[in-house]
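A quick write-up on the structure given underneath.
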Amino acid sequence: MDCIFCKIANGETNCHKIYEDDKAMAFLDISDDFEGHTLVVPKKHIANFNESSNCQITHLIKVAKQISQHYVDLGYEGTNIVINNGEAAEQSVHHLHIHVIPRRKGDGKLYMPLHSRGTDLQKLAKKLRIK
Ligand code: AMP
Ligand code: ZN
């Protein structure tokens, strides 16, 4: 399978590694947008969040939390923890990854400001509720 994160995980492609254990790796995102933007990936190919087992995602979240805490300990003031799940949600690399983005006050905006759509939230919650 031609997957860039599989290639990084098996050492075929270089990365700027931050963390590694037997099941996961974390490395710097090449986007060079926010300083320290990091991706946490499973070593085994998993396409996206919904495809992961509870055990797999739990491990990745634990690693993301450890890295997030480490970055705050280093002096960053906060972190964004982001998973883009599926193409419609702007997932561009189809190997599960968690973005850990260190932040400092006033360092820019992660998202464009969103405007209210005037949705009837009561109706919507009825449609979306897990019974
Ligand atoms: P997403 O849009 O959530 O799928 O995020 C994919 C991320 O992977 C983007 O932020 C890319 O900049 C990043 N990316 C793509 N190729 C590489 C690579 N070879 N090394 C590090 N990060 C990468
Ligand atoms: Zn992969």
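Numbers 18 to 148, taken from this note's numbering, label the letters of the sequence shown in order. Note that the Cβ used here is the ideal one computed from N, Cα and C, for glycine as well.
Does the beta carbon of residue i fall short of 8 Å from some heavy atom of the ligand AMP?
{"i": "T96", "result": "no"}
{"i": "E147", "result": "The question names Glu, yet the displayed sequence has Ile at residue 147. No, the beta carbon of I147 sits no closer than 8 Å to any heavy atom of the ligand AMP."}
Between the options, which lies nearest to residue i when the distance is taken from Cα to Cα?
{"i": "T55", "options": "E37, N67, H62, N65", "result": "E37"}
{"i": "F51", "options": "D124, L145, I147", "result": "D124"}
{"i": "H111", "options": "V89, V80, I35, V58", "result": "V58"}
{"i": "Q108", "options": "N67, N31, D49", "result": "N67"}
{"i": "I63", "options": "L138, I118, G103", "result": "G103"}
{"i": "I100", "options": "G92, L91, I118", "result": "I118"}
{"i": "G92", "options": "K143, R120, I147", "result": "R120"}
Cβ-heavy atom distance between residue i and the ligand ZN below 8 Å?
{"i": "H87", "result": "no"}
{"i": "A43", "result": "no"}
{"i": "M129", "result": "no"}
{"i": "C23", "result": "yes"}
{"i": "C20", "result": "yes"}
{"i": "A26", "result": "yes"}
Look at the alpha carbon of residue i and the alpha carbon of residue j, and state the distance between them as a whole number of angstroms.
{"i": "I78", "j": "I115", "result": "8 Å"}
{"i": "P130", "j": "L141", "result": "22 Å"}
{"i": "L127", "j": "E94", "result": "15 Å"}
{"i": "L113", "j": "L145", "result": "25 Å"}
{"i": "V89", "j": "D39", "result": "25 Å"}
{"i": "K122", "j": "E29", "result": "37 Å"}
{"i": "V80", "j": "G135", "result": "38 Å"}
{"i": "A26", "j": "H33", "result": "12 Å"}
{"i": "C23", "j": "I47", "result": "16 Å"}
{"i": "H87", "j": "D49", "result": "19 Å"}
{"i": "D19", "j": "Q139", "result": "44 Å"}
Taking Cβ to Cβ, would you say residue i is nearer than 9 Å to residue j?
{"i": "I43", "j": "H76", "result": "At residue 43 the sequence reads Ala, which differs from the Ile that was named. Going by C-beta atoms, A43 is not nearer than 9 Å to H76."}
{"i": "K82", "j": "Q73", "result": "no"}
{"i": "I35", "j": "I84", "result": "yes"}
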